[in-house]
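K.L.:
Numbering (our numbering), first residue to last: 4 to 208.
This is the structure:
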């Protein structure tokens, strides 16, 4: 039996709302997501603790969060491709580095420089037909902040360098998503991602 978790299409035909770390989440009315299929990326579980799934890739982040009260109280499932992370509650999956932008095997995710890409791949395995992105800003807010939550202990590169590296990998996911018939909507009004239409969250719930 494989040591890796195999995802089943539990959300077949549904919409997944994926909350990333960008500052624009602070302006979103997250209460509208009650009862929806929600995946939170990294520390976004603090903003929406009722999410179905939390996804992370970095062991440094997990070491910092796995015993925090909010994570201990988190009732959703926790997925990762980090095999060094400790904890019996983790759903561990294989990792491949993009390209390709999406992994086909249901026990595997494509992700390297951004956990958001892995979370989107996970949503595809779950069988969704639409992914709605929140906090996919790919840059700093006008006030200079990099996230809607407390900064990570491992800082971003100066300016938007960290997100420039991530955007190069997001390009590898655009066509695979289209080929699978998965629509993507971006609710971050100032997002630097150019490939997906932008809408208000109120228009897609």
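From the three backbone atoms N, C-alpha and C, an ideal C-beta is built for every residue, glycine too. Note that the coordinates shown come from a computational prediction; the quantities given were computed from them, not determined experimentally.
Quick one: which unbroken beta strand (DSSP E) runs of 3-plus residues sit fully inside the segment 13-59? Chain order, please.
P.N.:
If we require 3 residues or more, the beta strand (DSSP E) runs fully inside the segment 13-59 come out as 18-22, 40-44, 56-59.
K.L.:
Taking only runs that begin and end inside the segment 77-143, name each unbroken beta strand (DSSP E) of 3 or more residues, in chain order.
P.N.:
As far as the segment 77-143 is concerned, its whole beta strand (DSSP E) runs of at least 3 residues are 80-83, 93-95, 97-99, 111-113, 133-137.
K.L.:
Run through the DSSP bridge pairs and tell me what residue 11 is partnered with.
P.N.:
According to DSSP, residue 11 bridges with nothing at all.
K.L.:
Alpha carbon to alpha carbon, how far is residue 29 from residue 125?
P.N.:
Going from the Cα of residue 29 to the Cα of residue 125 covers about 24 Å.
K.L.:
With 16 other CB atoms within 10 Å as the buried threshold, where does residue 19 fall?
P.N.:
Buried: at least 16 other Cβ atoms inside 10 Å.
K.L.:
Is it right to say residue 68 is buried, meaning 16 or more other beta carbons lie within 10 angstroms of its own, or is it exposed?
P.N.:
Classification of residue 68: buried, given that the 10 Å Cβ count is 16 or more.
K.L.:
Between which two residues does the beta strand (DSSP E) harbouring residue 186 extend?
P.N.:
That run of the beta strand (DSSP E) goes 186-189.
K.L.:
Just how far apart, CA to CA, sit residue 106 and residue 79?
P.N.:
One C-alpha to the other measures close to 23 Å.
K.L.:
Considering only residues of the same chain and omitting the five flanking positions on each side of residue 201, which have a CB-CB separation below 8 Å?
P.N.:
So the list reads 188, 189, 190, 191, 192, 194, once near-sequence residues are dropped.
K.L.:
In the DSSP assignment, find the alpha helix (DSSP H) that holds residue 207 and state where it starts and stops.
P.N.:
Note, residue 207: premise wrong, no alpha helix (DSSP H); not H, not E.
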